[in-house]
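In my numbering, the protein residues as written are 22 to 163.
As structure tokens, then:
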């Protein structure tokens with residue numbers, strides 16, 4: 022029983038590096054790092070998403086119009102706020118759930134691309150979490 026509880030623990034990660042997997046910038050790559058310093062690379066997403074994540078990390082949210090800014094404006098107009106993103110594995114692909122809150126209620130958007138969800142988390146500067154068991158598995162493959 023204690024073992025099951027341990028598997029349900031979460032690890033909070035941050036994007037510590039972002040760049041490209043190829044010289045043309047077609048494929049993005051980022052590194053997710055936990056508080057204990059362990060990390061793993063995530064790739065197989067568009068270079069455009071990597072560019073947005075890098076901009077958001079620098080605090081630039083408006084110089085280039087983006088779908089992330091559009092989502093933020095829609096959410097803000099309805100007083101809905103992103104509170105955290107949970108990355109998980111579905112098959113061999115990383116997916117994510119986005120947790121929003123609103124006065125007196127909450128909303129969860131499920132099964133979105135992890136890269137887009139991480140970009141939105143970076144835009145909002147909200148926590149990104151993963152199940153400890155998944156993080157341990159991915160970090161050990163590095």
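Ideal Cβ positions, reconstructed from N, Cα and C, are used throughout, including at glycine.
Given the structure is predicted, the values throughout are model-derived calculations rather than measurements.
Q) Can you find at least 3 beta carbon pairs, one from the region 150-159 and one from the region 121-134, that sit closer than 8 angstroms? A) no
Q: For my contact list, residue 33 and residue 56 are in at a C-beta cut-off of 8 angstroms; report their separation, rounded to the angstrom.
A: As a working note, residue 33 is residue 12 in the chain shown. As a working note, residue 56 is residue 35 in the chain shown. That pair is a contact at about 7 angstroms.
Q. Do residue 103 and residue 145 have their CB atoms nearer than 9 angstroms?
A. Translated into positions along the chain shown, residue 103 becomes position 82. Translated into positions along the chain shown, residue 145 becomes position 124. It is a contact, given that the beta carbons lie within the stated cut-off.
Q: Please work out which residues of its chain come closer than 7 angstroms, Cβ to Cβ, to residue 68, disregarding the five sequence neighbours upstream and downstream, and give them in chain order.
A: Taking the chain shown and counting its residues from 1, one reaches residue 68 at position 47. Excluding sequence neighbours, residue 68 sits near 41, 46, 47, 48, 49.
Q. Hey, how far is the Cα of residue 54 from the Cα of residue 61?
A. Counting from one through the chain shown, the residue named residue 54 turns up at place 33. Counting from one through the chain shown, the residue named residue 61 turns up at place 40. Distance between the alpha carbons of residue 54 and residue 61 is about 7 angstroms.
**Q.** Validate contact between the region 107-124 and the region 71-89 using beta carbons, cut 8 angstroms, 3 pairs
**A.** no
(Q) Does residue 43 pass the burial test, meaning 16 or more other C-beta atoms within 10 Å, or should it be called exposed? (A) As a first step, residue 43 is located in the chain shown; it is residue number 22 there, counting from the start. So residue 43 counts as exposed.
(Q) Check for me: the alpha helix (DSSP H) holding residue 70 runs from which residue to which? (A) Sequence index remark: in the chain shown, residue 70 carries index 49 (1-based). Start and end: 68-78.
**Q.** 3-residue-minimum beta strand (DSSP E) runs that sit fully inside the region 96-160, ordered along the chain
**A.** 102-111, 114-123, 126-134, 149-152
Q) So is residue 97 buried or exposed if we call it buried at 16+ other beta carbons inside 10 Å? A) Taking the first residue of the chain shown as 1, we reach residue 97 at position 76. With fewer than 16 other Cβ atoms within 10 Å, it is exposed.
(Q) Here's the rule I'm using: 16 or more other beta-carbon atoms within 10 Å means buried, otherwise exposed. How should residue 151 be labelled? (A) Numbered from its first residue, the chain shown carries residue 151 at position 130. Classification for residue 151: buried.
Q. How would you label residue 39, buried or exposed, when you count the other beta carbons within 10 angstroms and need 16 or more for buried?
A. Indexing the chain shown from 1 puts residue 39 at position 18. Its Cβ being crowded by 16 or more others within 10 Å, residue 39 is buried.
Q. Span of the beta strand (DSSP E) holding residue 48?
A. In the chain shown, the residue the question calls residue 48 occupies position 27. 48-55 is the extent of the beta strand (DSSP E) around residue 48.
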